[in-house]
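Report on one structure; see the data block that follows.
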Amino acid sequence: MPGVTKRKLPKDAAVAAGASSKKARPSNAPAKKVQKKAAPPPESEPSESDRDSTDDGEEEDVADDVSPEEEAGSSTAATADAPKKTFRDLGIREELCDTVESLNYKNPTPIQEQAVPLALEGRDVIGLAETGSGKTAAFVLPILQSLLEKPQPLFGLILAPTRELAYQIAQQVDALGSIINVKCATLVGGMDMVPQAIALSKRPHIVVATPGRLLDHLENTKGFSLKHLKYMVLDEADRLLDLDFGPVLDKILKVLPREGRHTYLFSATMSSKVESLQRAALQNPVRVSISSSSHQVVSTLLQRYIFLPFKWKDLYLIHLLNDNIGHPTIIFTRTVNETQRISVLLRTLGFGAIPLHGQLGQSARLGALNKFKSKSRDILVATDVAARGLDIPAVDLVVNFDLPSDSQTYVHRVGRTARAGKSGKAVSFVTQYDLEIWLRIENALGKKIPEEVINKDEAMVYAERVGDAQRIAVREMKDYHEQRGSRGGRGGRGGGRGGRGGGARRGRDQMDTEEG
1 MPGVTKRKLP
11 KDAAVAAGAS
21 SKKARPSNAP
31 AKKVQKKAAP
41 PPESEPSESD
51 RDSTDDGEEE
61 DVADDVSPEE
71 EAGSSTAATA
81 DAPKKTFRDL
91 GIREELCDTV
101 ESLNYKNPTP
111 IQEQAVPLAL
121 EGRDVIGLAE
131 TGSGKTAAFV
141 LPILQSLLEK
151 PQPLFGLILA
161 PTRELAYQIA
171 QQVDALGSII
181 NVKCATLVGG
191 MDMVPQAIAL
201 SKRPHIVVAT
211 PGRLLDHLEN
221 TKGFSLKHLK
231 YMVLDEADRL
241 LDLDFGPVLD
251 KILKVLPREG
261 RHTYLFSATM
271 SSKVESLQRA
281 ALQNPVRVSI
291 SSSSHQVVST
301 LLQRYIFLPF
311 KWKDLYLIHL
321 LNDNIGHPTI
331 IFTRTVNETQ
341 RISVLLRTLG
351 FGAIPLHGQL
361 GQSARLGALN
371 KFKSKSRDIL
381 VATDVAARGL
391 DIPAVDLVVN
401 FDLPSDSQTY
411 VHRVGRTARA
421 GKSGKAVSFV
431 TQYDLEIWLR
441 IENALGKKIP
451 EEVINKDEAM
461 VYAERVGDAQ
471 RIAVREMKDY
481 HEQRGSRGGR
491 GGRGGGRGGR
501 GGGARRGRDQ
511 MDTEEG
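Per the UniProt record's numbering, the very first residue in the sequence shown carries number 1; after that it's consecutive.
Structure below.
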């Protein structure tokens, strides 16, 4: 990079890089506005079962009770405005500061400002922070600084609940550590273990993994051990436990060194389960809390709702998207089926939409994310697979096409926009069937969300084209389900190296399948 001299780690500590994500090649031109043509409203209305059911393979986030107690010796960060600090003020070395500046990190975020100095002092840290807070850099920078001072292979381990989050953390490790040639391996389920084992044999500095796949390698990959590990991170700890990784984490902790290991735990909430994990994994930790409420949203987020008849949801969605052409948008639905259907509907009408849900294969999920990030597609239609942890910085609009089933999932969804100090907008569709859940969401937020009134006549001019697109979507969805049925589902996907522990590996891969 211009003006920056790279400092390489010693050769005996350098290894080949692990799995990396390739940028998608833009292929579609931006969507054009749907031409208006007056006609009666579309006739089709989804069935009652479509409104109430959630497809298999998708999980709802469960909001755990937040423990009112705080660890002795812990601290809670103040959120009041203070003079802006720089990364140098936090104690970050010059080489890393140059990299941070080259990545356009202007000033530390509150969680970085509070957590980084404590981590550099050698303390174990618990970080409680709202979405979009910059927590990844808060734990990556101290690890890189320590690695720079005392380089060794298999230096740090970062555990994440989902494959997508693991890949994104690895990308940030690569970017922030580029100045010192850090090498990172990514271990996730649903992928062949052999290339991952080869990457581990080259002894990377940092391993980013989902728990199930890490345990597979600890048990089955010859020569792989973390007995000299210096740093461990448990990211999205509440989500790790919601996905029933508790027993796997217990097995991992038993084979890691306790003495001389620094541990960071980051979570949206501090539930009783997270408290138990903290006691097992951390020593005399300092707690940093940036968000005072699990239902808090950032001040730069504009929230609105649209009250509409259920049968006109597609119509109002097209009207809304036409008013936001060119703005990166995430549309959240409740089921896999609806995610696929809306994606087909939007593509039929000329929008650059792509689906993301738990029944897609791993390569398809990564491909969808990369296309959206690279702006090859400007609309991502997603189930709650995308609601937690994914780092998609440039999202202007979030649409809750289907309301979530609980208030905390609402906060996680709308947190995909207005990240890192940027502004954003979240619009929720509220039908005659959603009034009770909407009132519960508003009550949990402690505020009334203003209504955005849509001119019915303006929306209706799209009716004929939307009706035609709905019929095409119905036909394509029928073909989609027939194709999935003929394949017999996912079934029998490999990924292990045969022999020992095959049943356990399949079970852990299935956990990875349902992680997001």
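C-beta: ideal position from N, C-alpha, C; glycine also.
Proximity below 8 angstroms, CB of residue i to CB of residue j
i              : j              : result
glutamine 114  : aspartate 391  : no
valine 182     : leucine 147    : yes
valine 274     : leucine 241    : yes
glutamine 172  : alanine 199    : no
leucine 154    : arginine 203   : yes
tyrosine 410   : isoleucine 449 : no
alanine 418    : valine 298     : yes
arginine 346   : alanine 353    : Just to set this straight, residue 346 is leucine in the shown sequence, not arginine. Their beta carbons are under 8 angstroms apart, which means leucine 346 touches alanine 353 by this criterion.
glycine 134    : alanine 420    : yes
threonine 431  : alanine 382    : no
isoleucine 252 : isoleucine 206 : no
isoleucine 318 : tyrosine 462   : yes
isoleucine 179 : leucine 96     : yes
alanine 170    : threonine 186  : yes
glutamine 362  : glycine 190    : yes
Nearest-angstrom Cα separation, counted from residue j out to residue i
i              : j                 : result
leucine 315    : tryptophan 438    : 21 angstroms
threonine 76   : lysine 254        : With a pLDDT of only 39 at threonine 76, under the threshold of 50, the placement of this residue in the model should not be trusted, and no figure is reported.
leucine 321    : leucine 249       : 43 angstroms
glycine 223    : alanine 197       : 10 angstroms
proline 309    : tyrosine 231      : 53 angstroms
alanine 364    : asparagine 284    : 42 angstroms
aspartate 61   : arginine 239      : For aspartate 61, the predicted model reports a pLDDT of 35, less than 50, meaning its position is unreliable; a value from the coordinates is still stated below. Aspartate 61 and arginine 239: Cα-Cα distance of roughly 8 angstroms.
glutamine 145  : aspartate 192     : 32 angstroms
glutamate 259  : lysine 313        : 57 angstroms
asparagine 370 : leucine 218       : 30 angstroms
leucine 165    : glycine 424       : 22 angstroms
arginine 471   : glycine 350       : 15 angstroms
valine 336     : aspartate 384     : 10 angstroms
threonine 79   : leucine 277       : Unreliable positioning characterises threonine 79 in this predicted model, as indicated by a pLDDT of 41, which lies under 50. The coordinate reading is nonetheless provided below. Roughly 26 angstroms separates the two Cα atoms.
glutamine 483  : glutamate 121     : 56 angstroms
glutamine 303  : aspartate 402     : 15 angstroms
methionine 460 : leucine 243       : 43 angstroms
leucine 141    : alanine 268       : 20 angstroms
methionine 270 : histidine 412     : 16 angstroms
threonine 300  : aspartate 468     : 38 angstroms
valine 194     : leucine 215       : 15 angstroms
glutamate 436  : leucine 356       : 28 angstroms
asparagine 455 : phenylalanine 307 : 12 angstroms
glycine 91     : tyrosine 105      : 16 angstroms
arginine 490   : cysteine 184      : In this predicted model, arginine 490 has a pLDDT of only 41, less than 50, meaning its place in the structure is not dependable; the value taken from the coordinates is given anyway. Spanning the two alpha carbons is a distance of roughly 30 angstroms.
tyrosine 433   : lysine 447        : 21 angstroms
aspartate 323  : glutamate 101     : 35 angstroms
glycine 415    : aspartate 396     : 11 angstroms
lysine 150     : arginine 93       : 14 angstroms
proline 247    : proline 404       : 29 angstroms
Own chain, CB closer than 7 angstroms to residue i, minus 5 neighbours either side, in chain order
i             : result
lysine 85     : Asn107, Pro108 and Glu113
arginine 279  : none
threonine 221 : Ala197 and Leu200
histidine 262 : Gly122, Asp124, Lys230 and Tyr231
arginine 506  : A caution first: arginine 506 carries a pLDDT of 43, below 50, which makes its placement in the model too unreliable to give a value.
lysine 422    : Thr300
Nearest-angstrom beta carbon gap, residue j and residue i [assumed within contact, 8 angstroms]
i              : j                 : result
glutamate 452  : tyrosine 264      : That belief does not hold up - the Cβ atoms of glutamate 452 and tyrosine 264 are roughly 40 angstroms apart, past 8 angstroms.
proline 117    : isoleucine 290    : That belief does not hold up - the Cβ atoms of proline 117 and isoleucine 290 are roughly 14 angstroms apart, past 8 angstroms.
tyrosine 162   : threonine 210     : Checking the displayed sequence, the identity of residue 162 turns out to be threonine instead of tyrosine. At roughly 7 angstroms, the Cβ-Cβ gap stays under 8 angstroms, so threonine 162 and threonine 210 are in contact.
isoleucine 342 : threonine 333     : 6 angstroms
leucine 128    : valine 288        : 7 angstroms
leucine 366    : phenylalanine 372 : Not quite, the Cβ-Cβ distance comes to about 11 angstroms (not below 8 angstroms), so this is no contact.
Neighbourhood of residue i by C-beta distance below 6 angstroms, restricted to the same chain and skipping five residues each side
i             : result
leucine 399   : The sequence as given places valine at residue 399; leucine does not occur at that position. Hits under 6 angstroms: Ile331 and Val427.
leucine 256   : Leu226 and Leu229
leucine 234   : Leu159 and Leu265
aspartate 378 : Pro328 and Gly352
aspartate 473 : According to the sequence as given, residue 473 is alanine; it is not aspartate. Taken in chain order, the residues that qualify are Arg341, Val344 and Leu345.
leucine 368   : Reading off the sequence, residue 368 comes out as alanine, not leucine. Closer than 6 angstroms at Cβ, skipping near neighbours: Ile354 and Leu356.
valine 466    : Pro42, Asp314, Leu315 and Ile318
Neighbourhood of residue i by C-beta distance below 8 angstroms, restricted to the same chain and skipping five residues each side
i              : result
methionine 477 : Asn337, Gln340, Arg341 and Val344
glutamine 152  : Ala13, His205, His228 and Lys230
Starting from the N-terminal side, write out each stretch of the alpha helix (DSSP H) that is 4 residues or longer and does not extend beyond the region 237-305. 237-242, 246-254 and 272-281
Ignoring anything shorter than 4 residues, give me the alpha helix (DSSP H) runs that lie fully in the region 312-399, in order along the chain. Counting only runs of 4 or more, we get 313-322, 336-348 and 362-373.
For a minimum of 3 consecutive residues, which ranges assigned as the beta strand (DSSP E) are wholly contained in the region 402-477? 424-430
Hey, which unbroken runs of the alpha helix (DSSP H) at 4 residues or more fall wholly within the region 147-227? 163-176, 193-201 and 211-220
Mind pulling the alpha helix (DSSP H) runs of 4 or more residues that sit fully within the region 79-129? As far as the region 79-129 is concerned, its whole alpha helix (DSSP H) runs of at least 4 residues are 94-102 and 110-120.
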